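S.K.: Residue numbers (my numbering): 1248 to 1299.
Beta carbons are placed, not taken as given, at the ideal position from N, Cα and C, and that holds for glycine.
Quantities reported herein were computed from a predicted structural model and do not represent experimental measurements.
One structure, pasted below without further comment.
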């Protein structure tokens, strides 16, 4: 159940939005760490659209 919650599109969108806001205020070297964490969760881009 927790896995389904984490992998849902709404959760991924929320995580991407929070990451984008945090990345705005952090230096570039921390942005790389955040991007690696997002990739580990399965978010490859910060803009999430529903796939057709």
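Helix or strand or just coil, what does DSSP make of residue 1290?
M.R.: Three-state DSSP puts residue 1290 in coil, outside helix and strand.
S.K.: Would residue 1285 be called buried (16 or more neighbouring beta carbons within 10 Å of its own) or exposed?
M.R.: Label assigned to residue 1285: buried.
S.K.: If you measure between the beta carbons of residue 1213 and residue 1264, is that distance less than 8 Å?
M.R.: There is no way to answer for residue 1213, as the model of the chain reaches only from 1248 to 1299.
S.K.: At the level of alpha carbons, what is the spacing between residue 1283 and residue 1248?
M.R.: Approximately 25 Å, taken between the alpha carbons.
S.K.: I'd like the list of long-range same chain contacts for residue 1278, defined as Cβ closer than 8 Å, with 5 residues on each side in sequence excluded.
M.R.: Correct list, in chain order: 1270.
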